[in-house]
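Enquirer: In my numbering, the protein residues as written are 56 to 476.
Built from N, CA and C at the ideal position, the CB exists for glycine as well.
Here the structure is a predicted model, which means the values were calculated and not measured.
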């Protein structure tokens with residue numbers, strides 16, 4: 056009798072263990088299909104792109120020797136900030152490329168730093184213009200700018216914000232073939248200052264001419280617009296015109312608290328006068344903690360007010376696509392319920408009723424090896440939207456604003472189609 060009881064206990068324990076293992080495997084499978092942590096970086100592609108960058112760079116240098124006026128080319132290598140996010144890093148690269156071309160030097164570009172894996176990836180996997188137009192990869196530095204050469208100058212550029220750009224241009228007009236700038240020179244403080252407004256007109260033209268995403272990013276964007284039925288602004292293609300809404304993850308709240316304590320205003324290009332005028336009332340007062348928090352960490356009702364503003368202006372907009380980088384600070388379920396509520400739509404003055412379609416970043420179709428390109432795809436989807444609603448304290452929103460204002464005629468230069476929360 057005792058042996059039977061022991062057997063039953065053992066059997067129950069084995070069964071319980073099997074259930075626990077099954078639940079664990081089920082959870083693991085669910086997590087892996089719903090998380091970017093299961094991504095498989097495309098290292099084979101990256102190796103091919105590194106080789107292609109070398110080949111393009113070599114052909115470019117050879118072509119210069121065939122042009123009489125370019126037989127003595129000059130180059131510049133800038134020190135970049137370390138560990139910055141996607142938006143800040145790409146903006147810094149684009150500004151360095153712009154500064155190099157303005158000073159009649161060729162741009163020596165560096166790999167794109169992927170912070171979460173502490174890896175350097177080929178820049179051409181993300182941006183084409185800055186990696187192919189009047190530019191060569193950093194692997195050519197030793198060949199072009201050998202250590203100890205009298206034709207290589209290491210400099211530091213120090214200046215007030217008001218004079219920074221002109222000081223940099225003057226420094227780059229030195230006679231040496233290569234200039235290596237040993238300190239980072241362009242940061243958020245500078246781009247958020249009134250001085251940055253003076254460099255915007257030429258940078259706007261630079262973006263319009265030289266900015267270009269990689270094929271990897273554009274493939275995801277085209278696939279997403281087709282599958283989620285999102286139509287590019289002013290396009291005759293099938294799909295719905297849409298509002299792109301950028302929401303931050305909950306951790307952004309800590310950044311907002313810091314911004315309030317330090318009385319910080321909006322970041323980067325969100326401070327352009329034409330963009331500041333699009334801010335949802337009340338006007339931002341950086342000296343008031345409550346005002347900063349209201350704009351930096353907007354409530355659901357404030358997000359809805361911003362959408363109301365644009366839908367009343369363009370009543371045919373019936374689709375919203377949310378750009379987010381994780382668990383959004385605004386509850387997506389509550390937002391969806393509000394957007395699809397007929398009674399609320401009527402009270403808010405929406406001519407054609409509530410929103411029909413709500414999509415978001417987690418619904419973007421992609422393969423595991425494409426995860427690295429999703430942030431770029433998010434930015435381009437926001438750039439192509441008929442309307443963009445973003446956060447003035449976000450570097451990514453600021454980057455999207457710059458690309459929309461400087462893009463091609465399809466989406467360019469329409470401040471009224473932007474609302475800052």
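1. Under the three-state reduction of DSSP, which class applies to residue 474: helix, strand or coil?
2. Return the bridge partner residues of residue 167 from the DSSP annotation.
3. Going by the beta-carbon positions, is the gap between residue 173 and residue 303 smaller than 8 Å?
4. Unbroken alpha helix (DSSP H) runs of length 4 or more, entirely within the segment 301 to 381: which are they?
5. Give me the Cβ distance between residue 13 and residue 131, rounded to the nearest whole Å; I'm assuming they're in contact under 8 Å.
6. Quick check: the Cα distance between residue 89 and residue 126, rounded to an integer number of angstroms?
7. Alpha helix (DSSP H) containing residue 397: first to last residue?
8. May I ask you to report which of helix, strand or coil DSSP gives residue 193?
9. Taking only the alpha-carbon atoms, compute the straight-line gap between residue 101 and residue 176 and give it to the nearest angstrom.
10. Along the chain, which unbroken stretches of the beta strand (DSSP E) at least 3 residues long are found entirely within the segment 109 to 140?
11. Would you mind giving the Cβ-Cβ distance between residue 437 and residue 299, rounded to the nearest angstrom? I have them listed as a contact below 8 Å.
12. Could you round the C-beta distance between residue 193 and residue 164 to whole angstroms and report it? I think they count as a contact, below 8 Å.
13. Under three-state DSSP, which class holds residue 161?
14. Identify every residue that forms a DSSP beta bridge with residue 233.
15. Look up residue 268 in the DSSP assignment and give the residues it is bridged to.
16. My output table needs one value for residue 299: the three-state DSSP class, helix, strand or coil.
17. Which residue comes first and which comes last in the alpha helix (DSSP H) that contains residue 455?
Expert: Concretely, from the data shown:
1. strand
2. Beta-bridge pairing by DSSP links residue 167 to 176.
3. no
4. 307 to 316, 328 to 331, 344 to 351, 355 to 368
5. This structure gives no information on residue 13, because the portion of the chain shown stretches from 56 to 476.
6. Confidence at residue 89 is low in this model, with a pLDDT of 40, below 50, so its placement is unreliable and the value that follows should be read with caution. Residue 89 and residue 126: Cα-Cα distance of roughly 54 Å.
7. From DSSP, the alpha helix (DSSP H) with residue 397 extends over 397 to 402.
8. helix
9. 7 Å
10. Entirely contained in the segment 109 to 140, the beta strand (DSSP E) runs reaching 3 residues are, in chain order, 130 to 133.
11. Residue 437 to residue 299, Cβ: 4 Å. Contact.
12. 7 Å
13. Correct three-state label for residue 161: strand.
14. 130, 207
15. 182
16. strand
17. 450 to 461
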